[in-house]
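This report refers to the structure that appears directly beneath it.
Residue numbers (the working numbering), protein chains in the order written: chain A, 916 to 1431; chain B, 855 to 1114.
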């Protein structure tokens, strides 16, 4: 039985026709995935028919046999509250901080017109989405829950009133690979057990294709391809779908060729980092516990682990960009001084690239000024015209158009901004590049191009890379070795193929399963 | 922004250069024209209750008000930004100590401080500047400190550290320019407040002394006489409103430009 069907759906905002000719149908217990890059009109397509965007929907929209086409916003509120549930991208900010989980859940219930639920019903609702200790969670505030737990609560809120259709708009983009896997498995179970129709929106085609019955691929607001998920993943017909499939690294891909490695570059021993607990609580929270790490010249090492495993803290402690309690780091055999006493010669050898490309560029500086900043401090011997020429050459090397040189970060796309950040890191000619989730905030296609660029730079410049990621498939694309972190400790490390093919630790097995 | 700046510039220029050109000075009494209506010969905007030329008094009053506002705002900006930036950047114990000083100064009754200064050093308009500036920087320091702590977490600050920039350069080249929007926005909230405080002090006899005047005093005098001579309220009041509105508009445009 078809629960939700759109035919020749279009979305217009003012004069602009942003989405056109989209058709699909979802039956009870089925999942349709809506896939496309950023700006392809995915969110407009799934939210506008219910009056949740500024756009105007056209075409035929049928929900549970009723035609919603052309209804005013007020008339949509009824079906929207009764028959549809929504899950959004940002689990960290989607819950009201000052209300307990129980209060928010009860509110979701009563909003759709149901009577106020009893405590048992609330506990059952949380148990239904697989949250541990559901009875205890009811009295807790959102900040006590992790991102994955909060997303479970949001799903519980979205399905509290037993809707027929669940719309999940990028429900896993803000989560790490293991949590992504778990949340998608939960959505699978809900639709199978309860006959929920699921519309899953994502930019990550391979990740959702395994959970969907049918896939609809959008590019620039047009439907470029649709069909059964298995067929589309195995043999995509449109060039865009092919690019999306190829862009996502998978463990089944053939192993990429890697450049040769040299002498030891970084040797870190006994690194321990702890933080004072927030508020009045005593004691310290140990984020990294006695970790050791080696990186050779020209070698790429991946530090892999879930959110909160301490991988960023460890990498920053080693590169002296973060605090460290104890531990020794040697750089080319010489001891590296603590953070406050790092000399420019030391700084020059290690350069970082961070996750959020726009936030890592000073909004008030131009591209040229940003890229030239390391030269001013780390290579002051260069003359003005030499520095300018080097800035231009480096921007060209990372594939940026010279016309962008006078722009400020707000006028750059995410991919362009990340290329600027890479150019800034490269211009001092470092020996080691620290990549802190450098592609995870980017669109799949853009992220794949950045990964390719990093691979080329690594072999052309003989760069060593310390790469932090939660996705072991990305690590495999670029890295010689993998070190897996869990709860502040390195639980396993070894050559990439060995770690992935024969994982020893439970944490590694979970990461491999999540990327499979 | 242009019209607002033009109005502001016209008022400032008039306040600075027009009074000497007028036939009557701000403190001269015309015994033949007490509480005269506008447009009487020699007094284009009339006179006040004791026969002083209202145009001259308004312009001199605007001069005093603008000077107090500018001085107090600059004092607040200089001390507040420096104090807040150091506290926010250093954090930890230094931050604690510096912010407790701010709390302690907040707790002192402002009037008590001003009266104490007057008693110790005698009445002077300089003390009015100092007294107001010394109070207004406290809130500025808190605002700036919070903003610095927020900016300090941004990855571009860490990237600057990796690029070899020292703390002074990071604060000077990355943090302070990004603060400008907030600092300017807050500065514009300060100016009207300073104008109010100044007229309050003058009304109590602690600020500007007769026959010198300020817009605040003129409004107060005009309000006393509004039933007999409404122009004595409307002229200085209108001037005050024009100054505040154009300052606000210019400031908002400036802030938007920094934010972009």
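We put the beta carbon where it would ideally sit given N, CA and C, even for glycine.
Per-residue contacts from residue i into chain B (C-beta, under 8 Å)
| i | result |
| --- | --- |
| residue 1274(A) | 1008, 1009 and 1010 |
| residue 1001(A) | Under the 8 Å cutoff, chain B gives no residues; its nearest Cβ is about 31 Å from residue 1001(A). |
| residue 1339(A) | 1013 and 1017 |
Cβ-Cβ distance between residue i and residue j below 8 Å
| i | j | result |
| --- | --- | --- |
| residue 1073(A) | residue 1000(A) | yes |
| residue 987(B) | residue 930(B) | yes |
| residue 938(B) | residue 1025(B) | no |
| residue 1272(A) | residue 1356(A) | yes |
| residue 1128(A) | residue 946(A) | yes |
| residue 1038(B) | residue 1005(B) | no |
| residue 1018(B) | residue 1253(A) | no |
| residue 899(B) | residue 1089(B) | yes |
| residue 903(B) | residue 1052(B) | no |
| residue 1023(A) | residue 1037(A) | no |
| residue 1062(B) | residue 979(B) | yes |
| residue 1241(A) | residue 1185(A) | yes |
| residue 1222(A) | residue 1385(A) | yes |
| residue 1507(A) | residue 1397(A) | Because chain A in this structure spans residues 916 to 1431, residue 1507(A) falls outside the shown range and cannot be described. |
| residue 1321(A) | residue 1281(A) | yes |
| residue 891(B) | residue 906(B) | no |
| residue 825(B) | residue 1035(B) | This structure gives no information on residue 825(B), because the portion of chain B shown stretches from 855 to 1114. |
Test: residue i CB closer than 8 Å to a CB of chain B
| i | result |
| --- | --- |
| residue 1014(A) | no |
| residue 1266(A) | yes |
| residue 1292(A) | yes |
| residue 1047(A) | no |
| residue 1262(A) | yes |
| residue 1271(A) | yes |
Contact list for residue i against chain A, beta-carbon separation under 7 Å
| i | result |
| --- | --- |
| residue 1015(B) | 1236 |
| residue 1028(B) | 1277 |
Distance between beta carbons of residue j and residue i, contact taken as under 8 Å
| i | j | result |
| --- | --- | --- |
| residue 1098(A) | residue 1066(A) | 6 Å |
| residue 1390(A) | residue 1219(A) | 5 Å |
| residue 901(B) | residue 889(B) | 6 Å |
| residue 918(A) | residue 979(A) | 6 Å |
| residue 1348(A) | residue 1268(A) | 7 Å |
| residue 1365(A) | residue 1318(A) | Contact flag wrong, Cβ pair sits at about 20 Å. |
| residue 1229(A) | residue 1206(A) | 5 Å |
| residue 937(A) | residue 1138(A) | 5 Å |
| residue 1417(A) | residue 1395(A) | Not really, about 17 Å apart at Cβ, beyond 8 Å. |
| residue 972(A) | residue 926(A) | 6 Å |
| residue 1338(A) | residue 1368(A) | Going by Cβ atoms, the distance from residue 1338(A) to residue 1368(A) rounds to 10 Å, so no, they are not a contact pair. |
| residue 1279(A) | residue 1343(A) | The Cβ separation is near 22 Å, so there is no contact. |
| residue 1048(B) | residue 922(B) | 6 Å |
| residue 924(A) | residue 934(A) | 7 Å |
Below-8 Å beta-carbon distance, residue i vs any chain A residue
| i | result |
| --- | --- |
| residue 1031(B) | yes |
Residue i: contacting residues in chain B (beta-carbon distance under 7 Å)
| i | result |
| --- | --- |
| residue 1259(A) | 1018 |
| residue 1289(A) | 1017 and 1018 |
query = Does the pairing of the segment 952-967 of chain B with the segment 1000-1016 of chain B give three or more beta-carbon distances under 8 Å?
reply = In short, these stretches do not touch, since the Cβ pair count stays below three.
message = Whether or not the segment 946-957 of chain A and the segment 1132-1147 of chain A are in contact is what I'm after, with contact meaning three or more pairs of Cβ atoms, one per stretch, closer than 8 Å; do they touch?
response = Touching, per the Cβ criterion.
task = Determine contact between the segment 960-967 of chain A and the segment 1144-1163 of chain A, defined as no fewer than three beta-carbon pairs at a distance below 8 Å.
result = Segments in contact, no.
message = Would you call the segment 1365-1384 of chain A in contact with the segment 1196-1206 of chain A, where contact means no fewer than 3 C-beta pairs closer than 8 Å?
response = Taking a contact to require three or more Cβ pairs closer than 8 Å, the segment 1365-1384 of chain A and the segment 1196-1206 of chain A do not qualify as touching.
key: Touch test, the segment 1187-1198 of chain A against the segment 866-876 of chain B, Cβ-Cβ under 8 Å, three pairs minimum   = No, they do not touch.
message = I'd like to know if the segment 1087-1105 of chain B and the segment 905-916 of chain B are in contact, where contact means that at least 3 CB-CB pairs between them fall below 8 Å.
response = Segments in contact, yes.
key: Three-pair Cβ contact test at 8 Å for the segment 1004-1018 of chain A versus the segment 979-989 of chain A   = With the cut-off at 8 Å, the segment 1004-1018 of chain A and the segment 979-989 of chain A do not touch.
inquiry  = Any contact between the segment 1229-1245 of chain A and the segment 1300-1312 of chain A? By contact I mean 3 or more CB pairs, one from each, below 8 Å.
reply    = No, because fewer than three Cβ pairs between the segment 1229-1245 of chain A and the segment 1300-1312 of chain A fall closer than 8 Å, the two stretches do not touch.
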